[in-house]
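Notes follow once the structure below has been shown.
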Amino acid sequence: MTPLALRTTRRQEARRSLWIGALVAALLLLLWATNAFAQLRLRLSNVYFVPTPVSQTIVIVALDDAALQTYGRSPREWSRAVYADLVARLSAAQARVIAFDLLFDIATEDDAVFAQAIDAARQSDARTRTILAAAGVQNQTRSGTLLPALAFTSQLLPAPTLRSAAENVGYVNTFPDIDGAIRRQSSLLYIDQNPAVAFPLAVYFAYLRFPTSEIANFIASQTPQPGTLIAAPERTLAVDGSGLWLQNYFGLPSSDTQQTFPVVSLRDVLAGSVDAQLFNDKVVLVGAMHDTTAADEYPVPAAADGRMMAGVEIHANAIETLLQNRFVYEQTPLSSVVMIVTLSLLASLIYSQLRWYWMLPTAVLLLLIWVIFAFLLFGATGQMLNLFHSGLALAGPLLFISGVNLSAEISRRRKTEFLLESVVQVTTQRLELERVLARLAEDIRRLSQAPLGVIWLWGENDSTAELGHFWGQSAPECDRLRPLAEQARASRVLTTQQPYIAVPILWQQRALAVFVIHPSARDTAPALLEELARQIAPGLENTLLHRDVQQQKTLLEGVLAASPAGILLLDSELRILQQNTAARANLSPYGDTLLQKLPENARTALSEAVQRGEAFRDEITLGTKTFYLDAAPLPGVQRWVVALNDVSTLAELNRIKTHMIRMGSHDLKNPLSRIIGYGSLIQKLQKDMPTLPEKQHDYLKSMIQAAEQMRGIINDLLDLEQLRAGDFTREVIEFATIVREAASQQQPEIQAKGQRLNTAIVDSAQVIGNFRQLSALVTNLLGNASKYTPAGGTITVRLHASDETHIRLEVEDTGYGIPAEAQSKLFSEFYRVRTESTANIPGTGLGLSLVKTAAEAHGGRVWVHSQEGVGSTFFVELPLRKALTKA
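The numbering of the sequence shown is my numbering, which starts it at 177 and goes up by one.
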């Protein structure tokens, strides 16, 4: 090659490289202008923040776990006297400024003490200034003034007593970048057209002893300049249109082993265990830090490992930035454009002169040199070069030039790589059927050049095809291709019907879909289409499954949303995770967790049921409404489902029924008492002086027995209503004594039937309740056991502690047993089990209902285990006195 030809070739290569550089620059400028990959750009800028020495002017008093354990779980709930004591101690230690990164917006009775301490500090020899935190709320917009600032229409301020005592207030609003990290601080704010300063500036002004009354005049005296703001004497900030400026970070988030600023616990300060010299002439920041709640922690650029930094420590870094005058600046838009264009063109020219094996090492070297230059520039001026776009400007041309050189090889392997690319692209799509089918249709068209086609889908149990996607024709025209698709589905092989080809997509011997196309005349197209169908099948199966799941989820959500019953999903702490409209309407006025919404008795019972992992049902009253609350655990996921059914109408009917029962029972008792009284008198007279025939005497006896039985039923009904209303006295009772007395009273009747009674009763089982009602509970259980146990059977009574807080009574018999289908109704009023063995046994059906009502009225529960023909065991569990006393 002649020198002239060589120079021509080099000029052509240089021209091509400049075109590539210009293309790269244009793409990068587009990315830069649209702020694409902003998070990655910001994270790359984090490398500028490395630990550097601080001025030793700032000390942090941490409201840490030790302080929380000593004074309470929330600093806002502490007595303001605690903060007054802190201010007094810090002032005595000659602190220059005390700044509270806490909102004292709620007035308390101790505010006067706190305010007096602030005033005393201001009047002390140290002339200690106190800064309190405030926050702007609502309508966070640019101020509309000539100065760059944010405007808010309302604010959260310290209580008036504290505000008047403090030197100034500083606004603590945070403004995270798109990656969530805090890099920027506000400077000026306008609250309802009144100027104010951010927290770091308020502290800095106080440190300078700058009069608070002059701050507004200082701000107003400035001449507006684009991009800059004189925040304080000798401190000029580079700000954006909202007045936000980039702060510096001087170290990693504080830990037990590493601290950028001295950190001491508030508890230690108040205990006097911290050297007072530490605070002499210092800025003391007070805020939440090193507490396990981590409620006031944020990502910061200085922590590459993802550790969070407390808000008070972020403010400390911002104040240190002002103290040292070490501000951080971003590139101006003009310099960014010049940098991107220059680096892109320069890198392209360099790569075009190198052989391919030198390109990558050269790119690495260029990037290394550029990073070193960026660090040196940052150290000298504080300006942060855009490493993301500049790095792309250096590396991008390498990719383009390498791509041009490899295009021939890529072209030769196009078909093979196309199939792999197709599968990867389809499987990496979101599991949205429309997107997957559109991608599949695009690949089919690329392989076959088909001007029209259709994709039919079949569900797992569907016999009817579903039109999934089509092109080159209308939906009605697709129906003419349905028979060919069904034929291919049935045969599970590629089927042709000139000029159409139908290809089934098979997975595990099932046809998921069939696509029918009108291909161009290419011999290799059918084989490629079959390979595409095999490769795409797993991804399509997953997509169809996802669609089915989403449809089921949507259906279930629709059912739950439309349900008139309130349905809630709770975690193991009974916090509400999800609720439907009915539940939200009924429960929203009553708190954040289900426990807060429930009455106390239902709250206790539900908590105990959750601890046991058992289903729970109760009737509760919320406001003017009555609900049945049913709760059950969801196995394996530590979740609970709760249903609330509005039974207010039923509850009202029940109230009316109770009223009628009480009135009716009262009206019946007096006539019955007279019948029994006069009947008994006639019996006594007949015994002393027989005048009635024997048959009439038997009638009289039957009449008195029937009246006694009716009076017993009335008494049982009244007892039930009394228990449900809670209308009975309570006292400390030895439950073991009640059980022994009941067993002793039933012993003669049990022995008369030829039955055997065994007891195993523990002492020291004190409960709180009504003696008569609990005696009736035990007597009913023993009477039932004897009644439904044939002669020669055994009745066993056990009383023992079921756990530390409950006593359990067990009454076991070897009687007839209870059919499984009858056990759920066993404790209902007037319900009696009717079997061949028990048909002739008398009873009212109220005894077990009384047992259940009495147990629940005493905070307990009752249940039964029974097997027909073997026997039954009734369980009653009551809370012990010590458990109720502790609660």
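Each residue gets a CB set at the ideal place from its N, CA and C atoms; glycine is no exception.
Kindly indicate which three-state DSSP category residue i falls into: helix, strand or coil?
i	result
GLN673	strand
ARG588	The predicted position of ARG588 is uncertain, since its pLDDT is 45 and thus under 50; a value taken from the coordinates is nonetheless stated next. Looking at ARG588 - three-state DSSP - the assignment turns out to be helix.
PRO229	coil
GLY734	helix
ASP699	Residue placement at ASP699 cannot be trusted, given a pLDDT of 49 that sits under 50; the coordinates are not used to answer.
GLY715	helix
GLN398	coil
GLY312	strand
ALA912	helix
ASP794	strand
SER1000	helix
PRO1055	strand
ASP806	strand
LYS1028	helix
ASP368	coil
ASP747	strand
Could you tell me whether the Cβ of residue i comes closer than 7 Å to any Cβ of chain D?
i	result
LEU278	This model lacks chain D altogether, as it is built from one protein chain only.
Give the straight-line distance between the Cα atoms of residue i and residue j, rounded to the nearest whole angstrom.
i	j	result
PHE144	LEU203	Nothing can be reported for residue 144: it is not among the residues displayed for the chain, which extend from 177 to 1063.
ASP416	GLN434	34 Å
THR700	ILE677	At THR700, the pLDDT of 47 sits below 50, so the modelled position is not reliable; the number obtained from the coordinates is stated separately. C-alpha separation (whole angstroms): 13 Å.
GLU997	PRO251	58 Å
ARG588	SER578	With a pLDDT of 45 at ARG588, under the threshold of 50, the predicted position of this residue should be treated as unreliable, and no value is reported.
GLU707	THR640	26 Å
GLY482	ASN370	38 Å
GLU980	ASN934	25 Å
THR284	PHE792	42 Å
SER431	PHE280	27 Å
GLY448	ILE307	23 Å
GLY1023	THR468	55 Å
GLU410	PHE381	12 Å
ALA883	LEU857	14 Å
GLN814	ALA310	41 Å
LEU1026	GLU1053	15 Å
ALA374	ASN349	8 Å
THR797	GLY1035	17 Å
ALA291	GLU489	25 Å
SER1004	ALA778	21 Å
Among the options, which residue has its Cα nearest to the Cα of residue i?
i	options	result
PHE1050	ILE994, HIS1034, ILE1017	ILE994
ALA486	ALA392, LEU498, ASP472	ASP472
PRO811	ARG411, GLU795, GLY945, ARG788	ARG788
ALA293	TYR383, ARG305, VAL1009	ARG305
ALA238	GLN232, GLN726, ARG443, ALA778	ARG443
SER566	ILE526, SER624, VAL513	VAL513
TYR992	ARG760, LEU279, PRO966	PRO966
TRP683	ALA928, GLN529, ASN349, PRO714	PRO714
LEU454	ARG1037, ALA392, SER418, VAL440	VAL440
LEU782	GLN726, ALA651, ASP806	ASP806
ALA297	LEU323, ARG265, GLY312, ILE282	ARG265
SER300	SER267, GLY312, PRO324	SER267
Take residue i and list the residues in its own chain whose beta-carbon comes closer than 8 Å to its own, dropping the five residues that flank it on each side.
i	result
ALA357	LEU218, ASN222, TYR474, PRO475, VAL476, PRO477
VAL669	PRO680
VAL1009	ILE994, PRO995, ALA998, LEU1002
Less than 7 Å between C-beta atoms, sequence neighbours within five positions excluded: which residues of the same chain meet that for residue i?
i	result
SER520	GLY197, VAL200, ALA201, LEU204, ALA569, GLY572, PRO573
ASP287	ARG256, ALA335, THR337, LEU338
LEU657	VAL630, TYR676, VAL692
GLY403	ALA414, VAL415
LYS929	SER962, ALA967
THR233	LYS458, VAL459, LEU499
Which residues in the same chain as residue i place their Cβ atom closer than 6 Å to its Cβ, once the five residues preceding and following it in sequence are excluded?
i	result
GLY644	LEU613, ILE631, LEU633
THR228	PHE426
HIS1041	THR1049
message: Within 8 Å, do at least three Cβ pairs link the region 460 to 474 to the region 201 to 216?
response: They do not touch, by the three-pair rule.
message: Pairs of beta-carbons, one from the region 425 to 443 and one from the region 265 to 277, closer than 8 Å: are there three or more?
response: They do not touch, by the three-pair rule.
- prompt: Does the count of Cβ pairs from the region 501 to 510 and the region 553 to 566 closer than 8 Å reach three?
  reply: The answer is yes - the region 553 to 566 touches the region 501 to 510, with three or more Cβ pairs under 8 Å.
task: Give a yes or no on contact between the region 910 to 929 and the region 964 to 976, applying the rule of three or more CB pairs nearer than 8 Å.
output: Yes, the region 910 to 929 is in contact with the region 964 to 976.
- prompt: Would you call the region 1023 to 1041 and the region 941 to 953 in contact, with 3 or more CB pairs under 8 Å?
  reply: Short answer: they touch.
- request: Say whether the region 813 to 824 touches the region 741 to 751, bearing in mind that this needs 3 or more beta-carbon pairs closer than 8 Å, one atom from each stretch.
  value: Yes: at least three Cβ pairs fall under 8 Å.
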